[in-house]
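So the sequence shown is numbered by this note's numbering: it starts at 94 and just counts up by one. Beta carbons are placed, not taken as given, at the ideal position from N, Cα and C, and that holds for glycine.
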Amino acid sequence: MIDISLVIPFLNEEENLQDLLLQLNEYAAAQGFTIEAILVDDGSTDASVDVIRRVGSSDTVPVKLVRLSKNFGSHAAIRAGLTHTNSKYCMFFYADMQNPLSLIGEMHQKACEGYDIVVAQKTAKQVSFIERLFSSIYSSLVRRFAIPDYPKGGADNFLFNKRVNDCICENAENNSSIFMQILSMGFHRAIIDASFSERLKGKSKWTLSKKIKLFIDSFIAFSYMPIRMISALGICMFLFGFLYALWIFIASLTGIVNTGLGFPTLISVLLLGFGVTNFALGVVAEYIWRTLDAARGRPVFIIDTVEIINSKEGVGK
94 MIDISLVIPF LNEEENLQDL LLQLNEYAAA QGFTIEAILV DDGSTDASVD
144 VIRRVGSSDT VPVKLVRLSK NFGSHAAIRA GLTHTNSKYC MFFYADMQNP
194 LSLIGEMHQK ACEGYDIVVA QKTAKQVSFI ERLFSSIYSS LVRRFAIPDY
244 PKGGADNFLF NKRVNDCICE NAENNSSIFM QILSMGFHRA IIDASFSERL
294 KGKSKWTLSK KIKLFIDSFI AFSYMPIRMI SALGICMFLF GFLYALWIFI
344 ASLTGIVNTG LGFPTLISVL LLGFGVTNFA LGVVAEYIWR TLDAARGRPV
394 FIIDTVEIIN SKEGVGK
């Protein structure tokens, strides 16, 4: 059995895949464990697949190409790749070359100490102040409302054993974060600091809209906080309305102030009330839509083809 399966999702990464495969082959040849590469095409429209077929066929590291029928997103692509692994450990890797190859050995060594899951968190000195600020806010919210032991530095990569992989594959979740799902499982876990490089080629697919969706999924899928927030907001609005009405009543009786009915006051109250109501409806709608999506049972991903580019036994034994 191969020691580590690297699940590598990609979308239009023709500029990076050749370097990745060549460097991975060189790295694996010097290691004391075997590696296979499961590359998952998440609906690429460039020459990425052709690069894999050309370069991967000459590599020593076994290469398998899993092609999805369309773009399902990186987390769905990772799930698809995990279903085609056959190894002691699975690890995520990325075609943008930001993960150093040395991270594979570091996480594998930690897993060999008996940990079921090894989490790599990015060191604070590598990110800008703005990134560090938002990451800190996100991590704090997740620890407070979803996963109490979420890493303070965030979770940027994972390596885990076959038992964890089986749990993930048996419980594929749509509109969810596979990172959060792994962390919510429990198991014996270790966290290491890791250094990451800047993307040198190609354009990042991690857009603002995808970040926002991940933020929403993190709390809608793993926490009751949004629903509780609606209840708290409703109570606060009720108390505010009650106290304001009591003030108007007392002021009218005593003549302390002139409480004449004004159009601006009416509009302000309406805007505030409808704003809170629509916000609450939006949160409830998110839960209802996800419930409907789960009830329909549509697949998280659809695999078009699976190609064995290179079936050699691997290196580094």
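Reduced DSSP secondary structure (H/G/I, E/B, other) of residue i
| i | result |
| --- | --- |
| residue 319 | helix |
| residue 124 | coil |
| residue 308 | helix |
| residue 160 | strand |
| residue 282 | strand |
| residue 184 | strand |
| residue 409 | Annotation note: pLDDT 40 at residue 409 (below 50); position unreliable, no value reported. |
| residue 422 | A query on residue 422 cannot be resolved here, the shown segment of the chain reaching from 94 to 410 and no further. |
| residue 223 | helix |
| residue 370 | helix |
| residue 268 | coil |
| residue 249 | coil |
| residue 154 | coil |
| residue 119 | helix |
| residue 393 | coil |
| residue 109 | helix |
Segment limits, beta strand (DSSP E) that includes residue i
| i | result |
| --- | --- |
| residue 214 | 210–215 |
Proximity winner among the options, relative to residue i (alpha-carbon distances)
| i | options | result |
| --- | --- | --- |
| residue 176 | 261, 244 and 207 | 261 |
| residue 369 | 339, 392, 327 and 344 | 327 |
| residue 166 | 210, 184 and 133 | 133 |
| residue 126 | 382, 285, 201 and 402 | 201 |
| residue 379 | 390, 315 and 340 | 315 |
| residue 246 | 317, 284 and 367 | 284 |
| residue 264 | 375, 128 and 278 | 278 |
Identity of the residues DSSP links to residue i by a beta bridge
| i | result |
| --- | --- |
| residue 238 | Paired residue(s): none; residue 238 is not in a bridge. |
| residue 100 | 131 and 185 |
| residue 95 | 180 |
| residue 287 | 215 |
Residue i - containing alpha helix (DSSP H), residue span
| i | result |
| --- | --- |
| residue 258 | 255–263 |
| residue 199 | 195–204 |
| residue 147 | 141–149 |
Next item on the list: Indicate whether the contact test is met: 3 or more Cβ pairs, each with one atom in the segment 267–276 and one in the segment 303–313, closer than 8 angstroms.
Entry: Yes, the segment 267–276 is in contact with the segment 303–313.
Next item on the list: State whether the segment 325–342 contacts the segment 144–162, with contact taken as three or more CB pairs (one from each stretch) at a distance under 8 angstroms.
Entry: no
Notebook entry, point to check: At a cut of 8 angstroms, does the segment 162–175 reach the segment 95–113 through at least three beta carbon pairs?
Noted result: With a cut-off of 8 angstroms, the segment 95–113 and the segment 162–175 count as touching, because enough Cβ pairs lie within range.
Notebook entry, point to check: Pairing CB atoms from the segment 185–194 with CB atoms from the segment 220–237, are three or more of them under 8 angstroms?
Noted result: no
Notebook entry, point to check: Just checking, does the segment 250–268 make contact with the segment 197–213 on the three C-beta pairs under 8 angstroms criterion?
Noted result: Yes: at least three Cβ pairs fall under 8 angstroms.
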